[in-house]
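Colleague: The listed protein sequences correspond, in order, to chains A and B.
When we follow our numbering, the leftmost residue of the first sequence carries the number 460, and every step to the right adds one.
When we follow our numbering, the leftmost residue of the second sequence carries the number 2, and every step to the right adds one.
Could you have a look at this structure, given as structure tokens, before my questions?
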Amino acid sequence: MAEFFQQLVNGITWGSVYALIALGYTMVYGILKLINFAHGDVYMLGAFFAYYSARWLGVAEHPTPLHALGVLLLAMAGCAVVGIVIERAAYKPVRRSSRLAALITAIGVSLLLENAGILIFGPDPKFFPQIIPSTNIALGGGVTISNQQVIILVVSVVLMIGLRFIVLKTRVGKAMQAVSHNHTAAALMGISVDRIITFTFMIGSMLAAAAGVLVALQNPKIEPLMGIMPGLKAFVAAVLGGIGNIPGAVIGGLIMGIAEVMVVGYLSPTYRDAIAFVLLIVILLVRPAGILGRNVAEKV
Amino acid sequence: MLEVEDLDVYYGAVHALKGVSVRAEAGEIVTLIGANGAGKTTLLRSISGLIPARSGRVTFEGRDITRMPPHEIVGLGVSQSPEGRMVFANLSVADNLELGAYRRRDRAAIREDRDEVYRLFPRLLERRGQSAGTLSGGEQQMLAIGRALMSRPRLLLLDEPSLGLAPLLVREIFRTLREINARGMTVLLVEQNAHMALSIAGRGYVLETGRVRIEARCAELLKNEEVRQAYLGG
Numbered sequence: 460m461a462e463f464f465q466q467l468v469n470g471i472t473w474g475s476v477y478a479l480i481a482l483g484y485t486m487v488y489g490i491l492k493l494i495n496f497a498h499g500d501v502y503m504l505g506a507f508f509a510y511y512s513a514r515w516l517g518v519a520e521h522p523t524p525l526h527a528l529g530v531l532l533l534a535m536a537g538c539a540v541v542g543i544v545i546e547r548a549a550y551k552p553v554r555r556s557s558r559l560a561a562l563i564t565a566i567g568v569s570l571l572l573e574n575a576g577i578l579i580f581g582p583d584p585k586f587f588p589q590i591i592p593s594t595n596i597a598l599g600g601g602v603t604i605s606n607q608q609v610i611i612l613v614v615s616v617v618l619m620i621g622l623r624f625i626v627l628k629t630r631v632g633k634a635m636q637a638v639s640h641n642h643t644a645a646a647l648m649g650i651s652v653d654r655i656i657t658f659t660f661m662i663g664s665m666l667a668a669a670a671g672v673l674v675a676l677q678n679p680k681i682e683p684l685m686g687i688m689p690g691l692k693a694f695v696a697a698v699l700g701g702i703g704n705i706p707g708a709v710i711g712g713l714i715m716g717i718a719e720v721m722v723v724g725y726l727s728p729t730y731r732d733a734i735a736f737v738l739l740i741v742i743l744l745v746r747p748a749g750i751l752g753r754n755v756a757e758k759v
Numbered sequence: 002m003l004e005v006e007d008l009d010v011y012y013g014a015v016h017a018l019k020g021v022s023v024r025a026e027a028g029e030i031v032t033l034i035g036a037n038g039a040g041k042t043t044l045l046r047s048i049s050g051l052i053p054a055r056s057g058r059v060t061f062e063g064r065d066i067t068r069m070p071p072h073e074i075v076g077l078g079v080s081q082s083p084e085g086r087m088v089f090a091n092l093s094v095a096d097n098l099e100l101g102a103y104r105r106r107d108r109a110a111i112r113e114d115r116d117e118v119y120r121l122f123p124r125l126l127e128r129r130g131q132s133a134g135t136l137s138g139g140e141q142q143m144l145a146i147g148r149a150l151m152s153r154p155r156l157l158l159l160d161e162p163s164l165g166l167a168p169l170l171v172r173e174i175f176r177t178l179r180e181i182n183a184r185g186m187t188v189l190l191v192e193q194n195a196h197m198a199l200s201i202a203g204r205g206y207v208l209e210t211g212r213v214r215i216e217a218r219c220a221e222l223l224k225n226e227e228v229r230q231a232y233l234g235g
């Protein structure tokens with residue numbers, strides 16, 4: 460039983476990272492009906508921005524929580540800019556074209572970021588400095604949690620609550636909801652739809668950056684292609700929860716993380732990646748709209 | 002107040018508006034009538050900046066708004082209640098109204114205007130916490146109009162407010178429109194229900210396949226043999 464709870468703790472931690480990435484997919488989908496395939500690569504860039512800012516701040520030599528927070532914020536700021544540039548330069552010009560054009564553009568942006576990463580950062584893995592020294596905390600019953608896992612959970616929860624507050628309580632959040640419902644109606648309210656779309660990309664990219672930094676805390680090996688698999692899995696998590704649905708992305712991410720850790724723990728690490736696609740196939744067969752997704756017919 | 006001059010608009014390859022000129026003076030109710038596909042909705046959408054014009058000009062209170070983005074046009078004082086109502090189905094009635102005032106910062110005045118909308122449409126007050134998608138068609142129409150009023154427009158564009166509504170509700174909505182107009186609001190009304198439209202408007206335009214066919218005072222349009230045959234059921 461202790462092992463099960465240990466796996467559960469690990470799964471929830473891992474899942475909260477997927478949830479952070481999945482949120483970006485689902486928000487962009489909600490507003491543009493676009494699957495932003497470059498999103499996993501933004502997560503990769505988050506890890507690299509953190510790597511370089513940690514070196515620049517000299518965090519490896521003086522690992523203080525304040526420095527670690529600085530690294531996180533710099534990575535998020537860097538990816539915010541990346542998100543804005545991607546949207547303006549790549550997606551905005553094809554917004555009035557077909558969905559397929561946008562999808563192909565997304566794949567193109569993804570390949571561009573990956574290969575630019577190889578060119579600029581080099582193809583070899585880099586070792587992320589230990590910005591927070593690891594210690595273990597006993598939870599009782601033989602279950603332990605590392606302080607890094609605690610940080611992952613706390614940061615994820617804080618960011619999710621922050622996102623929820625922005626979407627539900629603020630003016631810009633209400634505008635996001637309006638745009639995701641209907642661009643024309645939103646524009647007729649006096650909302651600058653372009654601005655809201657850019658803002659959505661910015662927020663999503665910041666969450667992906669945070670995920671990149673948090674993962675690098677635990678698995679310090681970072682390389683330019685590291686975003687592909689987590690990106691795909693987070694996309695599956697978003698579909699699982701109901702794409703376009705924000706709480707759904709969190710639920711989907713958690714399920715994905717727990718399932719993956721359980722499969723590795725109880726079956727075989729070989730199936731680590733396969734489980735994501737098994738989940739995708741199952742959800743598409745059983746409930747294509749996702750767990751929280753709804754297909755509500757509109758009244759006319 | 003509003004001047005549309007020689008407007009040409011294309012929908013893809015379709016030449017939807019062919020040199021349309023329409024104007025509305027402050028305080029007027031002007032109506033556009035015509036069959037499906039005559040270009041009425043296209044004209045309203047172009048005025049709001051939702052569809053770009055190929056050529057021609059739209060001016061509002063002397064300012065050229067032809068190439069202005071839609072959200073800025075709302076800011077100038079032109080608001081639209083669109084075809085199909087387009088209420089935000091998963092948001093509450095109150096949130097819908099709040100979004101109507103998106104560009105405004107004067108909180109106290111926004112609250113006053115919201116109460117005024119509730120006074121005009123008491124049913125919205127009853128349902129203010131309900132999500133807009135659960136409202137009846139008539140209530141959604143009231144919400145769409147109320148929401149359009151929340152930006153404090155000086156020109157209100159209304160696209161088919163009577164569509165799909167029971168006659169009693171249509172009369173209720175038109176009575177409210179007259180009240181809104183009586184307080185100084187200029188209204189440009191697109192309607193299939195030509196009877197209702199011509200009874201509350203001062204002037205009217207008859208659109209046919211993207212062109213203005215007739216322009217006259219509504220009293221004259223009601224007597225016009227051609228209009229009676231085509232739009233008023235003989």
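C-beta: ideal position from N, C-alpha, C; glycine also.
#1: With the cut-off set at 8 Å, would you say A:A670 and A:I543 are in Cβ contact?
#2: Using the rule of at least 16 other Cβ atoms within 10 Å of the residue's Cβ for burial, across every protein chain shown, is B:Q141 buried or exposed?
#3: Assess, as a yes-or-no matter, whether the region 644–664 of chain A is touched by the region 523–532 of chain A under the definition of 3 or more beta carbon pairs within less than 8 Å.
#4: Assess, as a yes-or-no matter, whether the region 88–105 of chain B is touched by the region 625–642 of chain A under the definition of 3 or more beta carbon pairs within less than 8 Å.
#5: DSSP three-state call for A:I604: helix, strand or coil?
#6: I need the DSSP call for A:A756, collapsed to helix, strand or coil.
#7: Report the option in B:M151, B:L51, B:L44 and B:A167 whose CA atom is closest to the CA atom of B:M69.
#8: Out of A:R558, A:L504 and A:H526, state which residue places its alpha-carbon closest to the alpha-carbon of A:G576.
#9: Can you tell me where the alpha helix (DSSP H) holding B:R115 begins and where it ends?
#10: Using a Cβ cut-off of 7 Å, which residues of the region 115–128 of chain B contact any Cβ in chain A, in chain order?
#11: If I'm right that B:L190 touches B:G139 with Cβ under 8 Å, what's the distance once you round it to whole angstroms?
#12: Taking Cβ positions, are B:V75 and B:R104 nearer each other than 8 Å?
#13: Rounded to whole angstroms, what is the Cα-Cα separation between B:P168 and B:P162?
#14: Quick one: list the residues of chain C neighbouring A:I650, beta-carbon separation under 7 Å, in chain order.
#15: Using a C-beta cutoff of 8 Å, does A:V755 count as contacting chain B?
#16: Please decide whether A:I471 counts as near chain B, where near means a Cβ-Cβ distance under 8 Å.
#17: Where does A:H521 fall in DSSP's three states?
#18: So what does B:F61 bridge to, in DSSP terms?
#19: By DSSP, does A:F587 sit in helix, in strand, or in coil?
#20: Applying the criterion that 16 or more other CB atoms from any shown protein chain within 10 Å of the CB defines a buried residue, is B:R224 buried or exposed?
#21: Would you be able to state if there are at least three C-beta pairs under 8 Å between the region 551–565 of chain A and the region 469–485 of chain A?
#22: Would you identify the three-state DSSP class for B:S152, choosing helix, strand or coil?
#23: Counting Cβ pairs, one atom from each stretch, are 3 or more of them under 8 Å apart for the region 182–196 of chain B and the region 9–16 of chain B?
#24: Taking B:V75 as the query, report the chain A residues whose CB atoms sit under 9 Å from its CB, ordered along the chain.
#25: Which residue or residues does DSSP assign as beta-bridge partners of B:S56?
#26: Along the region 619–638 of chain A, where does the CB come closer than 8 Å to a CB of chain B? Name the residues.
#27: Less than 8 Å between the C-beta atoms of B:A95 and B:R120, yes or no?
#28: Can you name the residues of chain A whose CB is closer than 7 Å to the CB of B:A49?
#29: Let me know the secondary structure DSSP gives B:R176 once reduced to three states.
#30: Quick one: does B:V10 have its CB under 8 Å from some CB of chain A?
#31: Taking the runs of the alpha helix (DSSP H) that are 4 residues or longer, which of them lie wholly in the region 642–707 of chain A?
#32: For chain B, is any of its Cβ atoms less than 8 Å away from the one on A:N704?
#33: Near A:I471, which residues of its chain fall below 8 Å by C-beta distance, leaving aside the five closest residues on each side in sequence?
#34: Would A:T659 pass as an interface residue toward chain B - the criterion being a Cβ-Cβ separation below 8 Å?
#35: For the putative contact between B:A149 and B:A90, defined by C-beta atoms under 8 Å, what is the C-beta separation to the nearest angstrom?
#36: According to DSSP, which residues form a beta bridge with A:A597?
Modeller: Let's see:
#1: If you number the first sequence from 1, residue 670 of chain A lands on position 211. If you number the first sequence from 1, residue 543 of chain A lands on position 84. For the pair A:A670 and A:I543, the CB atoms are not nearer than the 8 Å cut-off.
#2: On the second sequence, position 140 is the one that residue 141 of chain B refers to. Label assigned to B:Q141: buried.
#3: The region 523–532 of chain A is not in contact with the region 644–664 of chain A.
#4: Contact check between the region 625–642 of chain A and the region 88–105 of chain B: three or more CB pairs, one atom from each, fall below 8 Å, which counts as touching.
#5: Position 145 of the first sequence holds residue 604 of chain A. Annotated three-state conformation of A:I604 is strand, per DSSP.
#6: For this step, residue 756 of chain A is matched to residue 297 along the first sequence. With a pLDDT of 42 at A:A756, under the threshold of 50, the modelled position of this residue cannot be trusted, and the question is left open.
#7: In the second sequence, counting from the first residue as 1, residue 69 of chain B sits at position 68. Considering only alpha carbons, the answer is B:L51.
#8: Counted from its first residue, the first sequence places residue 576 of chain A at position 117. With respect to the C-alpha of A:G576, the residue from A:R558, A:L504 and A:H526 having the closest C-alpha is A:L504.
#9: Walking along the second sequence from the start, residue 115 of chain B turns up at place 114. Element bounds for B:R115: R108 to L121.
#10: Listed in sequence order: no entries.
#11: Working through the second sequence from its first residue, we reach residue 190 of chain B at position 189. Working through the second sequence from its first residue, we reach residue 139 of chain B at position 138. About 17 Å separates the CB atoms of B:L190 and B:G139; that is not less than 8 Å, and the two are not in contact.
#12: Within the second sequence, residue 75 of chain B is the residue found at index 74, counting from 1. Within the second sequence, residue 104 of chain B is the residue found at index 103, counting from 1. A contact, by the Cβ cut-off of 8 Å.
#13: Position 167 of the second sequence holds residue 168 of chain B. Position 161 of the second sequence holds residue 162 of chain B. Approximately 12 Å, taken between the alpha carbons.
#14: The structure shown contains no chain C; its protein chains are A and B.
#15: Position 296 of the first sequence, counted from the first residue, corresponds to residue 755 of chain A. The predicted position of A:V755 is uncertain, since its pLDDT is 46 and thus under 50; a value taken from the coordinates is nonetheless stated next. Look at A:V755: its C-beta is under 8 Å from a C-beta on chain B.
#16: Against the first sequence, residue 471 of chain A aligns to sequence position 12. No, A:I471 lies away from the interface with chain B (no Cβ there is under 8 Å from its Cβ).
#17: Here residue 521 of chain A refers to the residue found at position 62 of the first sequence. Taken through DSSP and simplified to helix, strand or coil, A:H521 comes out as coil.
#18: By one-based count along the second sequence, residue 61 of chain B stands at place 60. According to DSSP, residue pairing for B:F61 in a beta bridge involves B:L3 and B:R64.
#19: If you number the first sequence from 1, residue 587 of chain A lands on position 128. In the structure shown, the three-state DSSP call for A:F587 is coil.
#20: Sequence index remark: in the second sequence, residue 224 of chain B carries index 223 (1-based). Before going further, note that residue 224 of chain B is Lys rather than Arg in the sequence given. The residue is exposed, with fewer than 16 neighbouring Cβ atoms inside 10 Å.
#21: No, because fewer than three Cβ pairs between the region 469–485 of chain A and the region 551–565 of chain A fall closer than 8 Å, the two stretches do not touch.
#22: Taking the first residue of the second sequence as position 1, residue 152 of chain B is located at position 151. Coil, per DSSP.
#23: A contact is defined here as three or more CB-CB pairs under 8 Å, and the region 182–196 of chain B fails this definition with respect to the region 9–16 of chain B.
#24: One-based indexing of the second sequence puts residue 75 of chain B at position 74. Result: A646, L647, M648, G649 and I650.
#25: By one-based count along the second sequence, residue 56 of chain B stands at place 55. DSSP lists B:D9 as partners of B:S56.
#26: So the list reads R630, K633, A634, Q636 and A637, given in the order they occur along the chain.
#27: Here residue 95 of chain B refers to the residue found at position 94 of the second sequence. Here residue 120 of chain B refers to the residue found at position 119 of the second sequence. No, the Cβ-Cβ distance between B:A95 and B:R120 is not below 8 Å.
#28: By one-based count along the second sequence, residue 49 of chain B stands at place 48. Checking the sequence shown, residue 49 of chain B turns out to be Ser, not Ala. Under a criterion of Cβ atoms nearer than 7 Å, the residues of chain A adjacent to B:S49 are, in order, L647.
#29: Position 175 of the second sequence, counting from 1, holds the residue named residue 176 of chain B. Note: B:R176 maps to helix in three-state DSSP.
#30: Counted from its first residue, the second sequence places residue 10 of chain B at position 9. Chain A has no Cβ within less than 8 Å of the Cβ of B:V10.
#31: Runs found: 642–647, 652–677 and 687–700.
#32: As a first step, residue 704 of chain A is located in the first sequence; it is residue number 245 there, counting from the start. In terms of beta-carbon proximity, A:N704 stays away from the interface with chain B, with every pair separated by 8 Å or more.
#33: For the purposes of this step, residue 471 of chain A is taken as the residue at position 12 of the first sequence. Excluding five sequence positions before and after A:I471, the CB atoms of its chain that fall closer than 8 Å to its own CB belong to L612, L713, G716 and I717, given in chain order.
#34: Translated into the one-based positions of the first sequence, residue 659 of chain A becomes position 200. Chain B, which has no Cβ nearer than 8 Å to the Cβ of A:T659, makes this no.
#35: Working through the second sequence from its first residue, we reach residue 149 of chain B at position 148. Working through the second sequence from its first residue, we reach residue 90 of chain B at position 89. Actually they are not in contact, since the Cβ atoms of B:A149 and B:A90 sit about 17 Å apart, beyond 8 Å.
#36: Counted from its first residue, the first sequence places residue 597 of chain A at position 138. By DSSP's assignment, A:A597 forms a beta bridge with A:T603.
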